[in-house]
Amino acid sequence: DALKNNKDLEYIHIHDNWLKEEAIKEFSGLLKSLSSLKSINISDCDIGGAGVKKIIRGLGLSESKETLQSFLCNYNEVERSKTVRFIFNVFSMCSVLNFISFYGNEFNEKLKKQYTEEYEKSKKTLVLKDPSIEEDDEDEEDDEEIEDPSDEDEDEPDSEEETEDA
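Just so you know, the sequence shown maps onto residues 1 to 166 in full-length UniProt numbering.
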């Protein structure tokens, strides 16, 4: 209740804290009561798509949708296209939201492309790929020879010198 009484709360960063059903319900209620929230970080809270949707619904019903500038929701297992569409529809109602980080959520590539293009046009930042993970370079992988542990020559000496020592 103390948080709900603080209508001027601007930042909520609960990254890496698991939120279960009751906490999600309370958090959604908190969002509805706030009027000047600028940043939310609910990354890696093991919320799941349904939980994120409930939180976003709370945001959509709050005055904070007019003040929210950044929203981070990485690695929360948002996968369903219908849920993703709902989330981004609410984001479109957030007039000053200019940074969204949503990587680690495995929704379809078509939607990722659509939202990436929309956000590029509007000059807003949308992060859908983890910046700490580099893309695999397929050519580089071809150059590396991976030795099969079942190769029979594994114990055979590599040179004549090793043969003499044995």
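Don't be surprised by glycine CBs; every beta carbon is placed ideally from N, CA and C.
Cut-off 6 Å between Cβ atoms - residues of its own chain near residue i, not counting five sequence neighbours on either side
{"i": "I87", "result": "I56"}
{"i": "N41", "result": "H13, H15, L72"}
{"i": "I100", "result": "F71, L126"}
{"i": "S28", "result": "K54, I55, G58"}
{"i": "T83", "result": "G49, K53"}
Nearest neighbour of residue i, chosen from the options [CA to CA]
{"i": "V90", "options": "L59, R80, K110", "result": "L59"}
{"i": "C94", "options": "E10, E21, S62", "result": "S62"}
{"i": "N76", "options": "K32, G104, R85", "result": "G104"}
{"i": "K129", "options": "K121, S122, E22, N108", "result": "N108"}
{"i": "C45", "options": "L30, L68, S33, E21", "result": "E21"}
{"i": "Y115", "options": "V52, N17, R85", "result": "R85"}
Per-residue burial, residue i [other beta carbons within 10 Å of its own, 16 or more giving buried]
{"i": "S92", "result": "exposed"}
{"i": "I47", "result": "buried"}
Closer than 8 Å: residue i CB and nearest the ligand MG heavy atom
{"i": "N6", "result": "Absence of the ligand MG from the depicted structure is noted, as is the absence of any ligand whatsoever, leaving it without description."}
Sequence-distant residues of its chain with Cβ nearer than 7 Å to residue i (five each side left out)
{"i": "D8", "result": "S36"}
Chain-order list of residues whose beta-carbon lies under 8 Å from that of residue i (same chain, five-residue window excluded)
{"i": "R80", "result": "G49, F107"}
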